[in-house]
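Undergrad:
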Ligand code: EPZ
């Protein structure tokens, strides 16, 4: 298991190119199950979760090959079995459920286990698919789904689930009749998935809003599509500028999809704005703590909670971070405290009191975004930090150490 050794205290300066979005690329890759004809996807990031997904698609009957920064996919004879050893490493594998049922009426997907940040059940996915005509058995931890032909339904989610919304959009585009999805999630990655499917001939309206209407069609063609930029990667690098007191220009930054994040970072004292070069983030002034509560989009994204908490650790004053989406997404707190941060957890809330300097220390990554927050803290800390188990990081950040070292960081990846 690799680790990062980070020499802190170096203000970052320069330009970073934002990669394609992991959380848009994953559902779009699974949507290829629905399509007749070759698919050319561009701006696909080089990440472990993408490789896992392509491996899973290969098992399901979809051949792929890399070309430039893109992937070409060809759908062959589909197999309904998604094996446990792959699904357990990536809960997004549950996104093959809707497409397989829509395409071949069968799906055998290992139940995704919980993960470090919470139980993350899929009850909303199953309830909605049952309303569309699917039936499910649970055998040895596998979800065995069957249906003759999915039909449209009027569905109301108990909460705006991103994966649930994506699964039902993919199930509905080939179903008989109209599906209305209420209390749908509004994340930009869902809009990207819907735009991709519309480019393949799907009939979808209202994506990005809370009510989505889908008219089923009989078949969908392949198409060429470029995946949106990764707003969470961009937000993470904005914090990297802030926590090192530096100045970065982010190329391909989806600024318009980061409204809640930019509002909070500006309130902390960062200067953020579009220039001809890209999005400039200037953090050479003082920083102050703010209060943050994570919410479904367009609220403050839970995937940026750990990162902004790291920034607050070295800002003036005190602030409260409330995690309202997942029940266990404070795994980074104990590790930040090892670096000298002053944080007190009370249920879903963490109270952060800024300190002048963090001290370098060995810390342990636990999940993707917690790992990012520990790297950010290491960039700011006095002396040397080690971030262990950075395989978590490799799931969602493309060559992060290369990108940061190119703008003045000193991060060494050490094989263990
Ligand atoms: C997606 O996960 C993202 N993953 C997550 O990003 C992100 O944190 C999350 O959405 C919230 O924005 C991908 O897009 C691949 P949810 P997902 O279904 O779809 C509960 C990252 O760091 N829920 O919106 O699994 C669930 O327990 C990852 O890139 C049910 O109760 O999230 C959670 O509390 C981490 N029943 C809440 O809803 C269900 O059937 C939100 O989950 C489904 C969800």
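In the working numbering, the protein residues as written are 25 to 440. Heads up, the beta-carbon is just placed ideally off N, CA and C, and yes, glycines get one too. Predicted, not measured: the structure shown is a model, and the values here were computed from it.
May I have a chain-ordered list of the beta strand (DSSP E) segments no shorter than 3 residues that lie completely inside the region 163–249?
TA: The region 163–249 contains these whole beta strand (DSSP E) runs: 166–170, 178–180, 202–206, 227–229 and 235–239.
Undergrad: Could you say if the region 350–368 and the region 383–394 meet the contact criterion of at least three C-beta pairs nearer than 8 Å?
TA: yes
Undergrad: Let me check understanding here. Comparing Cα to Cα, which of 209, 164, 201 and 163 lies closest to residue 185?
TA: 209
Undergrad: Measure from the alpha carbon of residue 311 to the alpha carbon of each residue in 405, 389, 337 and 250, then state which is nearest.
TA: Considering only alpha carbons, the answer is 337.
Undergrad: Is residue 310 near ligand 1, with its Cβ less than 7 Å from a heavy atom?
TA: no
Undergrad: Tell me the DSSP secondary structure of residue 89 in three-state form.
TA: strand
Undergrad: Counting C-beta neighbours from all protein chains within 10 Å, is the total for residue 249 16 or more, i.e. buried, or is it exposed?
TA: buried
Undergrad: Taking all protein chains shown into account, decide if residue 159 is buried (16 or more other Cβ within 10 angstroms of its Cβ) or exposed.
TA: exposed
Undergrad: For residue 57, which option in 304, 35, 82 and 434 has the closest C-alpha, if you only look at C-alpha atoms?
TA: 82
Undergrad: Compare the C-alpha of residue 147 against each of 123, 180, 127 and 130 and name the closest.
TA: 180
Undergrad: Using only CA atoms, which one of 26, 88, 32 and 37 lies nearest to residue 272?
TA: Closest by alpha carbon: 37.
Undergrad: Would you identify the three-state DSSP class for residue 148, choosing helix, strand or coil?
TA: Secondary structure of residue 148 (DSSP, three-state): helix.
Undergrad: Keeping to the same chain, check which residues put their C-beta closer than 7 Å to that of residue 117; ignore five residues upstream and five downstream.
TA: If we look at residue 117 and ignore the five residues flanking it on each side, its Cβ neighbours are 80, 106, 110, 111, 133 and 136.
Undergrad: Could you give the residue range of the alpha helix (DSSP H) that holds residue 392?
TA: 392–404
Undergrad: Contact defined as beta carbons within less than 8 Å: I believe residue 54 pairs with residue 119. What is the distance between those atoms, to the nearest angstrom?
TA: About 4 Å separates the beta carbons of residue 54 and residue 119, which is inside the 8 Å limit, making them a contact pair.
Undergrad: Spatial neighbours of residue 263 within its chain, please: CB distance less than 6 Å, with the 5 preceding and 5 following residues excluded, ordered by chain position.
TA: 331, 335 and 400
Undergrad: In angstroms, rounded to a whole number, what distance separates the CA positions of residue 405 and residue 225?
TA: 51 Å
Undergrad: Quick check: is the beta carbon of residue 275 nearer than 8 Å to any beta carbon in chain C?
TA: The structure shown has no chain C; it contains just one protein chain.
Undergrad: What's the C-alpha gap between residue 365 and residue 253?
TA: Here the alpha carbons of residue 253 and residue 365 stand approximately 32 Å from one another.
Undergrad: Given a cut-off of 8 Å on the beta-carbon distance, is the pair residue 316 and residue 345 in contact?
TA: yes
Undergrad: So what does residue 64 bridge to, in DSSP terms?
TA: For residue 64, the beta-bridge partners assigned by DSSP are 96 and 248.
Undergrad: Does DSSP put residue 128 in a helix, in a strand, or in coil?
TA: Look at residue 128 here: in three-state DSSP terms it is helix.
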